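Have a look at the structure below, then the notes.
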Amino acid sequence: MSVKNRQRINLLLLLSPATAWLIIFFVLPLLIILAYSFLERGTYGGVTAVFTISNYQRLFNEIFLGVIGRSIWLAFLTTVACLLVGYPLAFFIATRPPRWRNALLLLVIIPFWTNFLVRTYAWMILLQTQGVVNTALQILQVISEPLNLLFTPFAVAIGLIYGYLPFMVLPLYSSIERFNFSLVEAAQDLGANDIRTFWRVFLPLTTKGIVAGSILVFVPSVGAFITPDILGGAKTIMVGNLIQNQFLKARDWPFGSALSVLLTLIVLIPVLIYFRISDETVDS
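Start counting the sequence shown at 1263; every next residue gets the next number (the working numbering).
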């Protein structure tokens, strides 16, 4: 056996556990969901082996389109808000002395030490009628009566932004930390002001971190179901809640599968954009 063939066999052996894991726990479930989406619902739940495309036709119902549109809109707002907050924060951390960076990064990571469900319930306490936010605003005489903050799209957006902000900060920090700041000095020496230097030099070279952070925020936000379920109540249902209800309450597995396939396609779009930008960065 040649050395090259032996290397190929060793590489296949090394990759086989990861490949088997992906096939069993990722590809196979997706194929099952895809197959279920073309079947009919059974009389008492489950599926019946009858081919149909009615599950996808139901997606164009006004109610379901509203839920899907709301999910994409809230995920988009969450991503934009996390970017607006996370970019200056990541820049601040990356430009601190090395002895301060780890401490500041630790503060960003600390929320992960607490269960996401517990953190979401904490926002429920903060935003309720007699919660901390309303009480503070009344003490400061900003409002005369408590605001209706809980069980609104605003509460869901706040919960999503809080929950996924670290996913934006960490990729941005990694991208900014590797940035060569001598390029900024060169641009300024050539007559560029701070704003022009940021838009023409700094921002383009940190685009990869922006796109990576945006994907890490958008993907879980668009499919979130814990945050809208707790902070949005029945008034702000997102597609994740709709899928959960179809599988666990309505027991309409085929339609729930069709929704899952649609959500997968929605998630794939930003991922493909990221790969496209990554390829262009490598080529350039």
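The beta-carbon is built from N, C-alpha and C at its ideal position, and this holds for glycine as well. These numbers come from a predicted model, not from an experiment.
Where residue i sits in the DSSP three-state scheme
i	result
residue 1544	With a pLDDT of 48 at residue 1544, under the threshold of 50, the modelled position of that residue is not reliable, and no figure is offered here.
residue 1321	coil
residue 1530	helix
residue 1419	helix
residue 1243	Residue 1243 is absent from the structure shown; the chain starts at 1263 and stops at 1546.
residue 1603	Since the first residue shown for the chain is 1263 and the last is 1546, residue 1603 is missing from the structure and cannot be characterised.
residue 1486	coil
residue 1449	helix
residue 1480	helix
residue 1412	coil
residue 1459	helix
residue 1472	helix
residue 1440	coil
residue 1505	helix
residue 1499	coil
residue 1520	helix
Nearest-angstrom Cα separation, counted from residue j out to residue i
i	j	result
residue 1481	residue 1337	8 Å
residue 1514	residue 1470	40 Å
residue 1417	residue 1327	22 Å
residue 1544	residue 1430	Caution applies to residue 1544, whose pLDDT of 48 falls short of 50 and renders its modelled position unreliable; the value that the coordinates give is listed next. C-alpha separation (whole angstroms): 22 Å.
residue 1531	residue 1485	14 Å
residue 1385	residue 1518	29 Å
residue 1268	residue 1277	14 Å
residue 1342	residue 1369	22 Å
residue 1362	residue 1356	10 Å
residue 1321	residue 1399	42 Å
residue 1366	residue 1479	20 Å
residue 1504	residue 1307	16 Å
residue 1444	residue 1428	28 Å
residue 1390	residue 1379	17 Å
residue 1467	residue 1305	57 Å
residue 1292	residue 1442	42 Å
residue 1446	residue 1359	19 Å
residue 1528	residue 1345	20 Å
residue 1425	residue 1502	16 Å
residue 1272	residue 1279	12 Å
residue 1364	residue 1511	46 Å
residue 1423	residue 1330	19 Å
residue 1354	residue 1438	10 Å
residue 1506	residue 1522	10 Å
Burial state of residue i, where buried means 16 or more other Cβ atoms lie within 10 Å
i	result
residue 1350	exposed
residue 1451	exposed
residue 1456	exposed
residue 1299	buried
residue 1535	exposed
residue 1403	exposed
residue 1387	exposed
residue 1494	buried
residue 1465	exposed
residue 1281	exposed
residue 1297	exposed
residue 1537	exposed
residue 1303	buried
residue 1453	exposed
residue 1483	buried
residue 1499	buried
residue 1448	exposed
residue 1274	exposed
- request: With a floor of 4 residues, list each alpha helix (DSSP H) that falls wholly inside the stretch 1331 to 1410, ordered by position along the chain.
  value: As far as the stretch 1331 to 1410 is concerned, its whole alpha helix (DSSP H) runs of at least 4 residues are 1360 to 1371, 1378 to 1389, 1394 to 1401.
- request: Output the residue ranges of the alpha helix (DSSP H) runs that lie fully inside the stretch 1264 to 1309 and measure 4 residues or longer, sorted by chain position.
  value: Fully enclosed alpha helix (DSSP H) runs of 4 or longer: 1265 to 1284, 1290 to 1298.
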